[in-house]
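For any residue, its number in my numbering is found by taking its place in the sequence shown, counting from 1, and adding 234.
From the three backbone atoms N, C-alpha and C, an ideal C-beta is built for every residue, glycine too.
Source: prediction; values computed, not measured.
Worksheet: the structure to be examined is printed underneath.
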Amino acid sequence: ERTPRGMHYIRAKIGAGEPSNSVFVARRPTGEIYSTALRAAYPERDWILTRILWLCGCEPGRNRLGRVDTMRRYIYIHGCPDDDPMGVPSSRGCIKMRNDDLVRLFDLVDAGTRVLIKE
């Protein structure tokens, strides 16, 4: 599945105060800190790290409601392992960022901030 395009807003900010590389599962911190050893122990995990900006679509039929609904698809802007590739599709529709960049962005935006996703 691909990242939904169009206008969105930040529905929720998750992870304030958590250490960098904190692991999240179902939007909750697990108490783990990501490492290559942890990755080797759980190779099937989709690594969501540090912070989560949960997005909600604004355009019915494009990114809101039904099968295309960004929020119901759990589409986030989230941190990832430092060795994950950037700029290439490799998630289930989420937007991955380097952890330090995400912490800076997280501190700059509020819930409700608009996010335009383009090609």
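Three-way DSSP call (helix, strand, coil) for Arg348 in this model:
In the three-state reduction of the DSSP assignment, Arg348 falls in the strand class.
*Own chain, CB closer than 6 Å to Tyr243, minus 5 neighbours either side, in chain order*: Closer than 6 Å at the Cβ level, and outside the excluded window around Tyr243, lie Cys290, Gly346 and Arg348.
In chain order, which continuous runs of the alpha helix (DSSP H) of length 4 or greater are located wholly inside the segment 265-296? Fully enclosed alpha helix (DSSP H) runs of 4 or longer: 270-275.
Indicate the three-state DSSP secondary structure (helix, strand or coil) for Gly313 in the structure shown.
Strand, per DSSP.
Taking C-beta to C-beta, are Leu287 and Ile311 nearer than 9 Å? In this structure, Leu287 places its C-beta atom within 9 Å of the C-beta atom of Ile311.
*asked:* Please state whether the Cβ-Cβ distance between Ile282 and Gly313 is less than 9 Å.
replied: In contact: Ile282 and Gly313 (Cβ atoms closer than 9 Å).
Could you check what DSSP says for Val322 in three-state terms: helix, strand or coil? DSSP places Val322 in coil when its eight states are reduced to three.
Can you name the start and end residues of the alpha helix (DSSP H) that Val337 belongs to? Its alpha helix (DSSP H) spans residues Asn333 to Leu342.
- In whole angstroms, what separates the C-alpha of Phe258 from that of Glu353? In this structure, the CA atom of Phe258 is about 27 Å from the CA atom of Glu353.
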